[in-house]
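Protein chains: 2
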Amino acid sequence: MARGVAGDPDHGVELLWRDAEREPRPGLSLGRIVRAAVELADAEGLEGLSMRKVADRLGFTTMSLYRHVPGRDQLVDLMRDEVLGEALVAAPDAGPESAPDAAPDAGPDAAPDADGGWRGRLEEAARRAWELRIRHPWLAEVRGSRHLPGPNAVAHYDHMLGALTGTALRPSEVVAVVGLLGRFVDAEALLLAETRREERRSGVSEQEWWGARDSLYERLDRYPALSRLWETGGWDDPEDSFTFGLRRLLDGVEVLIRERDENRDEKCPECGTPLETAPSGRPRVYCSRACQQRAYRKRRSTG
Amino acid sequence: MARGVAGDPDHGVELLWRDAEREPRPGLSLGRIVRAAVELADAEGLEGLSMRKVADRLGFTTMSLYRHVPGRDQLVDLMRDEVLGEALVAAPDAGPESAPDAAPDAGPDAAPDADGGWRGRLEEAARRAWELRIRHPWLAEVRGSRHLPGPNAVAHYDHMLGALTGTALRPSEVVAVVGLLGRFVDAEALLLAETRREERRSGVSEQEWWGARDSLYERLDRYPALSRLWETGGWDDPEDSFTFGLRRLLDGVEVLIRERDENRDEKCPECGTPLETAPSGRPRVYCSRACQQRAYRKRRSTG
DNA sequence: CTTTGCTGTTTATGGCGTACACGGAGTAAT
DNA sequence: ATTACTCCGTGTACGCCATAAACAGCAAAG
């Protein structure tokens, strides 16, 4: 079992970014395999996904799949991008086609508060990601640091990055915030996926299982903070952990953004002239269109 | 492969909470198995941990292990508590023995700022957890919602919960914050573990691998936010993702705590008398020792 | 001396991903 | 028409995994 070694990555890229299918002929096809695999994973989780079961579901032999997909790992990559496409229909400006190709500082945040500002946009994106992972819990079970993004994955990523342009965050901070938020959503979703998996496997609900662990609870009396919180009802009706965590995270980001807003450079990065600051609206970065153009050309040539 | 079904959970509890070993005789023993398994997982990750390899390392047959451990899952639980014990030597008040069994409101925070306050304590605990996961990256790979905690796991948990007593947070919020922080540490550690795993498997460093994906980068031009951030150096020297995330999270928690502090009840929960508030120090909850005792007895009887 | 219990071994089952050699069907060149 | 080549699906086989079941050696207890 040389799991994960089969096929070269670039072939994976080709598959992920292939153009729309054109073969509704009978027989196997990449699209059919991927869709069958998604159904299977929806029902049984990622660990229940095996090449054999996918093939059975389609009425072919196991090895027939390998004529279309390099291996299991690449199949998972394809499944991921397949379902990430679902959420894009509700997010019209997440695709590259409809995004404005305008001047470098006129991002989707030209009117900072028209759509709730960065916080509203980020929260919305996080919630969409969360709902997608409720529909397809195996999505969070896709682990590993070398999963190739398909067009839909990149569209989502770009959308979240775009939600923060126009804030005073430094570029590296924008990247860090989006990464943090993404990992948060995945961590919460992973918890959910794992709970479902255990319940599927054992037929016993999570509550029942933990409720039956008397032999464990007997030993917890000696832990003071735990006991006190137990007595004061800390576990009686728990917070919704996604909503709670998301709020804390966004609050934390807001603190940073405010800090950066206060210390925002007061001088034009091109010529050093002090900037006139308007009392409201998006703070300007350059003192004039001329400096803005100059900076743009400079970026173009060096990048 | 009936993975994870073997043995009943209560047996697992007995093993985890067993008293210290007393058999240094030759031959196999639970402790020896667990330690060998830890070494193996340190070197090869959790997916590289197999019963065969553990047995080989000890010079016995695979099945001999099953005389001492119910199955692989329980072995992992035991490994977890084994290494969680490492971090306790540096955290003297994390164990149940030395914890003060004092009056119900005199937690370890009697002097709120002597040790950095809740924030200092929480950050310290999170960093210890993080360092432990750097030493044993497989710790974060232990997934599943039904892993039994051993004494060391509970001690850590109790310690983090205790870090927040004395704040105005509601009990359910204390639980939520500690859970959130724990999942954050695990998510970051999981990333690290996965990176190491891929590098071990392929012999190619993460940077090299992604650097060679030209066929992917070619397609990313059309994504505006991504491109702009790329040009402005968003990935040139990335933030340290643990430190960055931890700071955001703690900032977010701080916002909540401040909010709760402002709206803190101004009346004694026992008798309703308005409280005199001191300008500094820990805000009091009860108007008098008498009310405090009354509330304590009440909790005792109902809990 | 027999019984019981503990410990380690042997053998076997069923699951997994996938390498490899093969066979048939369609298509293009000779 | 024959040949050659490519695409697609199949059958078999390998090596890995966890673990169930029966068995063998040994010690203490009856």
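If you're matching them up, the sequences are chains P and U in order.
Everything in the first sequence is counted per my numbering, starting at 1 for the first residue and increasing by one.
Everything in the second sequence is counted per my numbering, starting at 1001 for the first residue and increasing by one.
Cβ coordinates follow ideal geometry from the N, Cα and C atoms, glycine included.
Computed from a predicted structure; not experimentally measured.
Rounded separation between residue i and residue j - CA only
| i | j | result |
| --- | --- | --- |
| U/Asp1010 | P/Lys53 | 34 Å |
| P/Gly144 | U/Glu1198 | 7 Å |
| P/Asp158 | P/Leu75 | 24 Å |
| U/Ser1064 | P/Glu208 | 33 Å |
| U/Gly1071 | P/Trp17 | 43 Å |
| U/Val1177 | U/Arg1219 | 40 Å |
| P/Phe242 | U/Arg1032 | 40 Å |
| P/Arg201 | U/Val1175 | 28 Å |
| U/Thr1167 | U/Ile1257 | 7 Å |
| U/Thr1061 | U/Met1051 | 9 Å |
| U/Asp1186 | U/Ala1125 | 13 Å |
| P/Ala212 | P/Val204 | 11 Å |
| P/Pro171 | U/Glu1188 | 21 Å |
| U/Asp1008 | U/Arg1146 | 12 Å |
| U/Arg1035 | U/Gln1293 | 47 Å |
| P/Gly233 | P/Phe244 | 18 Å |
| U/Arg1135 | U/Gly1085 | 13 Å |
| U/Ala1295 | P/Asp261 | 47 Å |
Residues near residue i by beta carbon distance below 6 Å, same chain, minus five either side
| i | result |
| --- | --- |
| U/Arg952 | The shown model of chain U, from 1001 to 1303, leaves out residue 952 of chain U, and the question about it has no answer. |
| P/Ala41 | Leu49 and Trp138 |
| P/Leu46 | Trp138 and Glu141 |
| P/Arg133 | Leu139, Ala140 and Ala189 |
Within chain P, the residues that residue i reaches when beta carbons sit closer than 8 Å
| i | result |
| --- | --- |
| U/Gly1144 | Glu194, Arg197 and Glu198 |
| U/Trp1138 | Those within 8 Å of U/Trp1138 in chain P number zero; the least Cβ separation is about 13 Å. |
| U/Ser1215 | Asp10, Val13 and Glu14 |
| U/Leu1191 | Ser145 and Arg183 |
| U/Asp1186 | Ala187 |
| U/Leu1180 | Ser241, Phe244, Gly245 and Arg248 |
Neighbourhood of residue i by C-beta, 8 Å cutoff - its chain only, sequence neighbours within 5 removed
| i | result |
| --- | --- |
| U/Leu1190 | Ala1140 and Glu1141 |
| U/Glu1206 | Thr1195, Glu1198 and Glu1199 |
| P/Pro149 | Leu16, Asp81 and Tyr157 |
Buried or exposed (CB count within 10 angstroms, at least 16 for buried), residue i
| i | result |
| --- | --- |
| U/Met1160 | buried |
| U/Asp1109 | Low per-residue confidence applies at U/Asp1109: pLDDT is 41, beneath 50, and the placement is therefore not dependable, though the value from the model is reported in the following sentence. Classification of U/Asp1109: buried, given that the 10 Å Cβ count is 16 or more. |
| U/Arg1067 | exposed |
| U/Arg1183 | buried |
| P/Asn152 | buried |
| U/Tyr1217 | exposed |
| U/Ala1103 | Because the pLDDT at U/Ala1103 is just 39, under 50, the model does not fix this residue reliably, and the point stays unresolved. |
| P/Gly179 | buried |
| P/Ala155 | buried |
| P/Trp230 | buried |
| U/Trp1235 | exposed |
| U/Asp1237 | exposed |
| U/Asp1073 | buried |
| U/Gly1252 | buried |
| P/Pro363 | The structure shown does not extend to residue 363 of chain P, since chain P is modelled only from 1 to 303, so the question has no answer here. |
| U/Asp1077 | buried |
| U/Ala1043 | exposed |
| U/Ala1020 | exposed |
| P/Ala225 | buried |
| U/Glu1173 | buried |
| U/Arg1297 | exposed |
Whole-number beta carbon distance between residue j and residue i, since they are thought to touch under 8 Å
| i | j | result |
| --- | --- | --- |
| P/Leu249 | P/Leu164 | 13 Å between Cβ atoms; not a contact. |
| P/Leu28 | P/Leu58 | 7 Å |
| U/Val1013 | P/Ser215 | 5 Å |
Partner residues on chain U for residue i, Cβ-Cβ distance less than 8 Å
| i | result |
| --- | --- |
| P/Gly211 | Under the 8 Å cutoff, chain U gives no residues; its nearest Cβ is about 12 Å from P/Gly211. |
| P/Ala176 | Pro1238, Glu1239, Ser1241, Phe1244 and Gly1245 |
Residues of its chain near residue i, where Cβ-Cβ distance is below 7 Å and the 5 sequence neighbours each way are ignored
| i | result |
| --- | --- |
| P/Ala37 | Leu49, Val54, Leu75 and Met79 |
| U/Arg1119 | Leu1250 and Glu1254 |
| U/Asp1221 | Ser1227 |
| U/Ala1111 | Here U/Ala1111 scores only 44 on pLDDT, less than 50, and its place in the model should not be relied on; the value that follows carries that caveat. Excluding sequence neighbours, U/Ala1111 sits near nothing in its chain. |
| U/Ala1193 | Gly1045, Pro1137, Trp1138, Ala1140 and Glu1141 |
Chain P contact residues for residue i, given Cβ-Cβ distances below 7 Å
| i | result |
| --- | --- |
| U/Glu1173 | Glu239 |
| U/Gly1116 | Neighbours of U/Gly1116 on chain P: none; closest Cβ ~17 Å, over 7 Å. |
Chain U contact residues for residue i, given Cβ-Cβ distances below 9 Å
| i | result |
| --- | --- |
| P/Glu206 | Ser1145 and Arg1146 |
| P/Asp56 | Ordered by position in chain U, no residue passes the 9 Å Cβ test against P/Asp56, which lies about 18 Å from the chain. |
| P/Asp251 | Arg1248, Asp1251, Gly1252, Val1253, Glu1254, Val1255 and Leu1256 |
Neighbour list for residue i in chain U, Cβ cutoff strictly below 7 Å
| i | result |
| --- | --- |
| P/Gly233 | Pro1171 |
| P/Trp17 | Arg1219 |
| P/Val76 | Within 7 Å Cβ-Cβ: nothing; P/Val76 doesn't reach chain U, min ~14 Å. |
| P/Val34 | Result: empty, since nearest Cβ-Cβ is about 19 Å, beyond 7 Å. |
Under 9 Å by beta carbon: chain P residues contacting residue i
| i | result |
| --- | --- |
| U/Val1069 | Within chain P, no residue comes near U/Val1069; the closest Cβ sits about 18 Å away, beyond 9 Å. |
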